[in-house]
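Have a look at the structure below before the remarks.
There are 2 protein chains.
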Amino acid sequence: MFESTFADASRRDWADDGTDATVRIATVGCGNYARSVSLPAMERGEYAAPTVVVSGDADKRATLADEFGVTALDYDEYEAGAATDEYDAVYVATPNRLHLPHVETAASHGKHVICEKPLEATVDRAERLVAACDDAGVRLMTAYRMQTDPVVRRLREFVAAGGIGDVQRAVGDFTFPVLGGDAGPDQWRLDGRLAGGGALYDVGVYPLNTARFLAGDDPVAVSATTRSPDPAFEEVDQHVDFGVEFDGWVGNFSASFSGHPNTSLELLGSDGRVAVRSAFQPGADREVTVETPTGTLDLTGAGADETVEEFDYFAHAVATDAGVDPDGADGLVDMRTLAAAQESAASGRRVEL
Amino acid sequence: MFESTFADASRRDWADDGTDATVRIATVGCGNYARSVSLPAMERGEYAAPTVVVSGDADKRATLADEFGVTALDYDEYEAGAATDEYDAVYVATPNRLHLPHVETAASHGKHVICEKPLEATVDRAERLVAACDDAGVRLMTAYRMQTDPVVRRLREFVAAGGIGDVQRAVGDFTFPVLGGDAGPDQWRLDGRLAGGGALYDVGVYPLNTARFLAGDDPVAVSATTRSPDPAFEEVDQHVDFGVEFDGWVGNFSASFSGHPNTSLELLGSDGRVAVRSAFQPGADREVTVETPTGTLDLTGAGADETVEEFDYFAHAVATDAGVDPDGADGLVDMRTLAAAQESAASGRRVEL
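Keeping their order, the protein sequence lines are chains A and B.
Read in order, the letters of the first sequence are residues 1 to 353 in this note's numbering.
Read in order, the letters of the second sequence are residues 1001 to 1353 in this note's numbering.
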């Protein structure tokens, strides 16, 4: 089973009905991640192309227009419908609490949407965001890039085919030192109202969503604890540990905004185990171990860049009118789980979903 | 720091005040683990020697007397004080709920005790067990063999010296297919009254105690869930997931009596990470990774057999009147934590310790 599942691990299982179309994308919100990861990924894409950027910063607009050869708009222009003939879809990469108005604008322009995770800062606003796309008849993808990582997709196939038997347990962590490098405390990720939550919302959603994707299952209850010993994290959780109960198994997930950088995910099954290290870093080689009673496979460096895949997957779906795995409903399941984790951390009680 | 801590990893940090003495040990309870792991380990020891076995099974007594050249007693003889001049200490390896009477007998004979984990089937009985040794003035060691694993002791030194900064999180699992091999459902580990608990008590105590040992810290609260879908586990937990809150960090531990065999432990810190695979199998080479901002060290095959170390450590402490790390108080902390985990699983509430 190893051989057939993991041969040609970087293949695109979603591109059978190939198209020559190019989907032109407007990027709304040009923070560091959008500039250094997402825009270059679109540029490298086969089906996606960056054609417009929206930023409130005139210097940034000039730099990006030059660097990517795109039309640069400010937010008023974006809302007023400027250059709508230059893009087919919108990538929303603004702070969480601004997703809703920017997605509503895209929907009102009849543009398809790929929206960064988590969908919004609150469940209510996320539900309105999903409804706005539904009402306008535009496609919505939650930007869960791990779901388009080829190695992760191979693991999902392996798990779904019974490769590790029944899933008994998942364990995952994402520790992201948010104040590392050049980033100081004056950033929206530390602003409780703009972000909705701290490590839980920004990086905890990775092990949660990826475990759900691998196991094909949704949570039924959550128990969580949070800690914010550093005053920089007065408004948001610095550390979170959350136990997520599924039907017949449990996921123990954690996330931190400080500490030694770490990203990992592991699924333990009745008849095997899959473990991924360097699990969530953008563009990293996933270090994958697949263990079964008949042998162990180490699979490292087998995949393609998941962010290039992400925008191409979205663009291909738009071009061919295909569904996407990480849709709005998928994003809402996580929003409800994250909110329940916050409720549990505040009350010290297990919260059912 | 790597070099100095992990050089000569198998060294005995506890044997500075060496002695030539041999401590003669009576083994009470001769199940598979005692016969195949503990007795051979004593035999290989420098300070420990097996001289007496106690078993209710005449065939077993004859076989063991022959195999190890020991005096074999039945339980009546042990209680009546037979052959007390042939042993200095007692190793209690009976089912959990029988530890108390067998330790009381040892104490009444004035013999030192090394007692298998967990200390007993209930907190109350474990407290009486510890008190019996205190009252008789005999030494009590809880048989936490991981604490005498040289690699684990090196990791503790490294963590205590700040090698990974502040501990932020621990994750550990012990999945032991208790019905694997020749073992059927007719065994005391599945008997709720004799065992006190299932996977939680029998193997869950490993990640809990070892994480506590490495971090040098005690729990303050527990949240747990258990599942026993297989009817063979009607009386005890088949699967347990328990989140243990410490002062400023959380341990997420799990254990199973069925599933793909797995033993692992990981500590995430503010400035590094230590991970151990094959963490708890008797005599296994620990696969250790130590990660810090300045580099990564893979340390595998560096240790000695922890069970040989365990009995020699105990015997050396008895001979030199030294203290032991895993004493009765240490065992009681875990008993209270395990009982709190059971209470949490039953109530769905977080339980403070």
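Built from N, CA and C at the ideal position, the CB exists for glycine as well.
Stretch-stretch touch, CB-based, cutoff 8 angstroms, three pairs: the stretch 173 to 183 of chain A with the stretch 145 to 153 of chain A:
no
Given this structure, state the Cα-to-Cα distance separating residue 241 (chain A) from residue 262 (chain A), to the nearest angstrom.
14 angstroms
In three-state DSSP terms, what is residue 90 (chain A)?
strand
What are the residues in the stretch 1166 to 1182 of chain B lying within 7 angstroms of chain A by C-beta distance?
1168, 1169, 1171, 1173, 1175
What number of angstroms, rounded off, separates the C-alpha of residue 1071 (chain B) from the C-alpha of residue 1339 (chain B)?
37 angstroms
Indicate the three-state DSSP secondary structure (helix, strand or coil) for residue 1151 (chain B) in the structure shown.
helix
Closest Cβ-Cβ distance between residue 229 (chain A) and chain B: below 8 angstroms?
yes
Between B:1284, B:1303, B:1302, B:1273, which has its C-alpha nearest residue 1295 (chain B)'s C-alpha?
Comparing Cα-Cα distances from residue 1295 (chain B) to each of B:1284, B:1303, B:1302, B:1273, the minimum goes to B:1273.
Any beta-carbon of chain B closer than 8 angstroms to the one on residue 4 (chain A)?
no
To the nearest angstrom, how far is it from the Cα of residue 115 (chain A) to the Cα of residue 142 (chain A)?
Rounded to the nearest whole angstrom, the C-alpha separation of residue 115 (chain A) and residue 142 (chain A) is 5 angstroms.
With DSSP as the reference, label residue 1081 (chain B) as helix, strand or coil.
coil
Same chain, Cβ closer than 8 angstroms to residue 57 (chain A), neighbours up to 5 away in sequence not counted:
When the five nearest sequence neighbours on each side are left out, the beta carbons in the same chain lying within less than 8 angstroms of the beta carbon of residue 57 (chain A) are those of 30, in order along the chain.
Residue environment, residue 250 (chain A), which counts as buried when at least 16 other CB atoms sit within 10 Å:
Buried, by the Cβ-count rule.
Measure the Cβ-Cβ separation of residue 45 (chain A) and residue 217 (chain A) and say whether it is below 8 angstroms.
Result no, Cβ atoms of residue 45 (chain A) and residue 217 (chain A) do not sit closer than 8 angstroms.
Do the stretch 1098 to 1111 of chain B and the stretch 1018 to 1032 of chain B meet, that is, are 3 or more Cβ pairs less than 8 angstroms apart?
yes
To the nearest angstrom, how far is the alpha carbon of residue 234 (chain A) from that of residue 203 (chain A)?
18 angstroms
What is the rounded straight-line gap between the Cα of residue 1281 (chain B) and the Cα of residue 1158 (chain B)?
22 angstroms
Going by the beta-carbon positions, is the gap between residue 1223 (chain B) and residue 256 (chain A) smaller than 8 angstroms?
no
With DSSP as the reference, please indicate the residues paired to residue 242 (chain A) in a beta bridge.
The secondary-structure analysis by DSSP pairs residue 242 (chain A) across a beta bridge with A:224, A:253.
Considering just the uninterrupted stretch of the alpha helix (DSSP H) at residue 1211 (chain B), what are its terminal residues?
1205 to 1215
What is the residue span of the beta strand (DSSP E) that residue 1273 (chain B) lies within?
Going by DSSP, residue 1273 (chain B) is part of the beta strand (DSSP E) stretching over 1272 to 1277.
Whole-Å CB distance - residue 211 (chain A) paired with residue 267 (chain A), under 8 angstroms assumed:
7 angstroms
Do residue 270 (chain A) and residue 1259 (chain B) come within 8 angstroms of each other at the CB atom, strictly closer than that value?
yes
Along the stretch 1201 to 1226 of chain B, what residues have a CB closer than 7 angstroms to any CB found in chain A?
1223, 1225
Residue 965 (chain B) CB to nearest chain A CB: under 8 angstroms?
The requested residue 965 (chain B) does not occur in the structure, where chain B is confined to residues 1001 to 1353.
Does the beta-carbon distance from residue 1283 (chain B) to residue 1307 (chain B) come in below 8 angstroms?
Cβ distance < 8 angstroms, so residue 1283 (chain B) and residue 1307 (chain B) count as in contact.
Given that a residue counts as buried once 16 or more other Cβ atoms are within 10 Å of its Cβ, and exposed if not, what is residue 1038 (chain B)?
buried
Let me see if you follow: with CB-CB separation under 8 angstroms, is residue 270 (chain A) close to chain B or not?
yes
DSSP on residue 1133 (chain B), reduced to helix/strand/coil?
helix
Would you check if the stretch 1184 to 1196 of chain B and the stretch 1317 to 1326 of chain B touch, i.e. whether three or more CB-CB distances between them fall below 8 angstroms?
no
Distance, residue 25 (chain A) Cα to residue 52 (chain A) Cα
7 angstroms
DSSP three-state call for residue 1145 (chain B): helix, strand or coil?
Residue 1145 (chain B): helix per DSSP, three-state reduction.
Residue from A:87, A:185, A:12 whose Cα sits closest to the Cα of residue 109 (chain A)
A:87
Give the DSSP-derived three-state secondary structure of residue 174 (chain A) in the structure shown.
strand
By DSSP, does residue 76 (chain A) sit in helix, in strand, or in coil?
helix
Given this structure, state the Cα-to-Cα distance separating residue 1278 (chain B) from residue 1288 (chain B), to the nearest angstrom.
9 angstroms
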